[in-house]
Each structure stands twice: as structure tokens, then as C-alpha cells.
Amino acid sequence: MWLLLPILLYSAVFLSVRHIYSHWRRRGFPSEKAGITWSFLQKAYRREFRHVEAICEAYQSGKDRLLGIYCFFRPVLLVRNVELAQTILQQSNGHFNELKWDYVAGYRRFNLLEKLAPMFGTKRLSEMFGQVQKVGDHLIHHLLDRQVQGCPLEVDLQQKLRVYSVNIIANLIYGLDINNFEHEDHILTSYLSHNQASIQSFTLGRLPQKSSYTYRLRDLIKQSVELREDHGLIRKDILQLLVRFRNGNEVSGDKWQLEPINEADKLLSIKRMAKVAEDLLKVSLDAVASTVTFTLLEILQEPLIGEKLRAEIKELSNENGQLKFEELNGLRYMDMCLKETLRKYPPLPIIERVCRKSYSLPNSKFTIDEGKTLMVPLLAMHRDEKYFSEPMKYKPLRFLQTTNDVGQCEDKTKSNVFIGFGIGGSQCVGQNFAKLVIKVALIKLLQNFHLELDANQVKTLEVSHRPAPFIHTKDGLKVKLKRREINTKFYS
């Protein structure tokens, strides 16, 4: 009798696993050979499994537009056709929207990102530009203060740019007038260290995570909101617009002052505002830092590209070290460099969405069921020779003819495949803000320093995805900085 129990248990587990791993075959989808190997389990246990690289391999393994794969015990539908991916994400009518951005007002359900999108318009960003420049100056001052007169300064520029990104978030999203280059004991500095030390687990990555930082960051939001609602503080930043939205005020237009409403009528609770801020923190930190880091990594290996970029920057007005917002849109070559960085190193290498209700896939006989995951491998598409010639070569001029964020391939017969900051419901509403702070960091660094990359270091660089690309080697991006004398007067 006792022997029957483990046999029955083993049989139940075996049948359950076999049922999961036959999901796509039972529904007629092209699918990979299913199974869990001992080596896979070892890698998953030691957290050595590279999720993004495995998805890229699956993308390259066949020619079918759709491929059913399995991420541990989770059936996932991989879309390997760009046109199909664009159609699904742009025209699926809410089938693949993220639940975390839903909110209900009265009897209607809205997508919060769509409502907040106007706060990242040109008018609003131009008024926040002073705050962004101030954070950029903190970065430059910090580097100049550490440099011994006449001697190059060697730093891990990746780490410095992550602190710069945290400063941007602290000042504009959390509404704090703080410089984390100086306040190393601040909670956001601790968050940065915690975030950098953590390694994403493939098996546990989708479980909800809540740490002590969640509650401490919520306290920051609560304090900042109270200052604005109860004491009339007005600060031109993203948090001010979030507070306006919370009080039912328009986030577009040119007004910054609040028109408070009763607590019971407020559209967002403090808890929900804190969650929005933390989501923006997680996304912005990696997107901004990685894009600047890898742009610098590439241009420092290509002197001609660096010289073209400096020549363009040299044409900017620079009165007393301050840039003009309206001139940044004219940096065409820098725009091409940023697009090429986003192509080769997309901050979001995989778009992953859960189907909210059964969806018939366009131009096919297949239907994806509610609760199943759809995956679009951006990194693999951007590095596919079918769409981009010499995909591993950094060539900004491949985007010479494009004027928007969905770039054309060099071969005009091919589809538009450059997705950049996402597409459809997966598009980043804050992409204009991200581009602004990325450009400011690049301009300030190239204006004030000669940068030199150790050629030997490049050979040993190890890039991993968490999910944004990250230089995983011990020294990060080690760069030698030498002050440019042209800016000595302003920064002395």
C-alpha cells in the first residue's frame, strides 16, 4: 500500500508535466522539442541559465512565423515574423495590454499609460529641461572633482551613468532635490546597489516581488505628495504632473499648480502612485544607463563616429555651460547613433505579454488562449541579417533616411523592423523623456572630456541581459577621462 503512494504521486506529476509540454502540439502549432534536461535544471538552480540568449536561439532555429516554446513550465508563443508582431501589438484591441496599467474611474476602465502620455510632450519636457541639466552638471562636477590636475581619471563609467540615471529619477519622478554622487547613504543609492547585486532568476522572475524598498519608496512619495497638496509646493517635474492627475487636473497644457479635490474623489491612491513611480524607476534606470553606456562603448571603438558626433555637438549653443532645449532635436547624427544603439542593444530585448482573452492570430488558423504568453524577441530581430546587413557592426548611417522611431531597413523591400522603445501597447510613453536625458548625458561628457577606452578591456567585456544589457565584467566600462580645457572656465 505504501509503495503505491509514491508511484501514484510520480505518475500524477509525470502526466501533469507531459500535459504542459504537449500544449502547442495538441493545438497544432509548430513547436520545439519539449523536455527538461539535467543540465538545464543545474543551470536554472545555479542561476546560470541565460533566458534572453535561449530565446534568441529559438528564434534562429526555424523559419515558421510562430513557434511554441516552453519557459520552464510555462507555454510561450514566440513570434518570429516582424510584420505579424507589429500587427498583433498594434491592432489587438486590448488583448495583450498589461494589467498593472489598468485603472477604473467610475464605471469605466482606462489604460493609465495612455492617460499619462501627455506629461512627456514637448511643452512639458521643455519646462523640465532645467532640472535635467542640473542633474547632468552634477555628473560632470563629480568627475571633475575626482580628477587630479593634468592626470587622466580612470572610472567605471557604467556605474557613474547608473548613478546619473538614479539622480534623474530622484529629481523628476520622486521630486527630491538630491545628488546621489554626494549622498551615498540615500535610499535610492541603496536601491541602486541592491539592483546591481541582484541576478534575475529565470524560474522565479515572474513571481511578484516586494521588498523593504517598496515601502520605503512609498514613504518618499507620500512625503512629496503631502508637500504639494497640503503646503502648495510647485515643482516642475513628473511627480507634479502625477499629483495633478491624482487630483483630476489635466496633465497636458501649461499649468503646474494644483486644483485639489476631496480625498475620496482622488483618482490615484498614494499606494498606486508609489507603484507607478517604482515601475518608472525600474524601467528608466536600465533604459537610460544602458543606452548611454553602450553608445559610448561603440563610439569609443570607432574614432570616426566619435569625431562626427563631437563636431555636431560643437555647433550647439553653450552659454555658461547651459544647453538650449530646442537645439537638441537638430542633433541628427546623434539620433542615428542612439537608434543604432537601441537596435544592437535594446533595453527591452524581449516583449512579453499575457493574452487577456482568446485571440485569433492574423492571417493564420491559430488562436492563442487566454492566460498564455506571447513573446516578441526584439534583440534577435534587430540582429537578424535578413533585416540588417552586418548586424553586429555599429553603423549609425543605416538610419540616415529615417525620421521616426520605427526605422526602415537598408533594403527597401524589407519591412520596417526597428522597434526601438517598443511598439503598439508595448511602446514606452516616456521615450521622449528618455531620449532627452540620454542626450544630455552624452553631450555633457563629450563636451567636457576626452574619453579613452582600454583596447584590451574590450576583448574581455561580457555583456549579459537583466533584461537590459549590462556589462557584467568586474570593472564595468573602464574609461580614462581627461578634461577638455575649452570648458575649464565654466567648471572651475
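Residue 601, in our numbering, is where the sequence shown stops; the numbers in between run on with no holes.
For glycine and all other residues, C-beta sits at the position ideal for the given N, C-alpha and C.
Going by DSSP in three states, residue i sits in which element: helix, strand or coil?
i: residue 206; result: coil
i: residue 507; result: helix
i: residue 226; result: helix
i: residue 461; result: strand
i: residue 412; result: helix
i: residue 117; result: helix
i: residue 524; result: Only weak support exists for where residue 524 lies, its pLDDT of 43 falling under 50; the coordinates are left without a value.
i: residue 221; result: helix
i: residue 360; result: coil
i: residue 592; result: strand
i: residue 579; result: strand
i: residue 265; result: strand
i: residue 316; result: Note on residue 316: pLDDT 40, under 50, position unreliable in the model; the coordinate value appears next. Correct three-state label for residue 316: coil.
i: residue 382; result: helix
i: residue 245; result: helix
i: residue 239; result: helix
i: residue 473; result: coil
i: residue 442; result: helix
i: residue 434; result: helix
i: residue 560; result: strand
i: residue 367; result: coil
i: residue 568; result: helix
i: residue 165; result: helix
i: residue 518; result: Any reading at residue 518 is ruled out, since the residue's pLDDT is 46, under 50, leaving its predicted position unreliable.
Roughly how many whole angstroms lie between the Cα atoms of residue i and residue j?
i: residue 193; j: residue 471; result: 7 Å
i: residue 551; j: residue 417; result: 13 Å
i: residue 167; j: residue 365; result: 49 Å
i: residue 224; j: residue 380; result: 18 Å
i: residue 187; j: residue 141; result: 11 Å
i: residue 376; j: residue 353; result: 10 Å
i: residue 578; j: residue 280; result: 25 Å
i: residue 198; j: residue 228; result: 23 Å
i: residue 249; j: residue 274; result: 13 Å
i: residue 569; j: residue 584; result: 10 Å
i: residue 493; j: residue 173; result: 15 Å
i: residue 251; j: residue 290; result: 7 Å
i: residue 123; j: residue 165; result: 29 Å
i: residue 426; j: residue 411; result: 26 Å
i: residue 539; j: residue 497; result: 27 Å
i: residue 475; j: residue 460; result: 20 Å
i: residue 444; j: residue 529; result: 12 Å
i: residue 171; j: residue 185; result: 16 Å
i: residue 203; j: residue 226; result: 17 Å
Return the Cβ separation of residue i and residue j in integer angstroms, given the expectation that the two are a contact with Cβ distance under 8 Å.
i: residue 355; j: residue 382; result: 6 Å
i: residue 268; j: residue 262; result: Not quite, the Cβ-Cβ distance comes to about 13 Å (not below 8 Å), so this is no contact.
i: residue 111; j: residue 177; result: The pair is not a contact, with the Cβ atoms about 40 Å apart (cut-off 8 Å).
i: residue 464; j: residue 487; result: Not confirmed; about 19 Å, so no contact.
i: residue 266; j: residue 402; result: 7 Å
i: residue 456; j: residue 395; result: 6 Å
i: residue 581; j: residue 572; result: 7 Å
i: residue 360; j: residue 543; result: In fact, because the Cβ distance is near 18 Å, the residues do not count as touching under 8 Å.
i: residue 448; j: residue 491; result: 10 Å between Cβ atoms; not a contact.
i: residue 479; j: residue 495; result: Not confirmed; about 32 Å, so no contact.
Just tell me which of the options has its CA closest to the CA of residue i.
i: residue 485; options: 587, 462, 376; result: 462
i: residue 160; options: 181, 234, 175, 140; result: 181
i: residue 503; options: 409, 537, 566; result: 409
i: residue 378; options: 226, 351, 549; result: 351
i: residue 276; options: 264, 385, 538, 296; result: 296
i: residue 338; options: 260, 370, 266; result: 370
i: residue 545; options: 173, 284, 432; result: 432
i: residue 237; options: 384, 435, 298; result: 435
i: residue 442; options: 294, 475, 474, 507; result: 507
i: residue 183; options: 540, 429, 294, 125; result: 125
i: residue 469; options: 131, 119, 136; result: 136
i: residue 362; options: 185, 139, 242, 234; result: 234
i: residue 179; options: 130, 270, 211; result: 130
i: residue 415; options: 226, 526, 446; result: 446
i: residue 387; options: 428, 331, 270; result: 331
For residue i versus residue j, is the C-beta spacing smaller than 8 Å?
i: residue 591; j: residue 563; result: no
i: residue 393; j: residue 278; result: yes
i: residue 206; j: residue 190; result: no
i: residue 390; j: residue 282; result: yes
i: residue 324; j: residue 300; result: no
i: residue 440; j: residue 421; result: yes
i: residue 458; j: residue 574; result: yes
i: residue 175; j: residue 139; result: yes
i: residue 348; j: residue 245; result: no
i: residue 419; j: residue 555; result: yes
i: residue 241; j: residue 549; result: yes
i: residue 372; j: residue 358; result: no
i: residue 288; j: residue 247; result: yes
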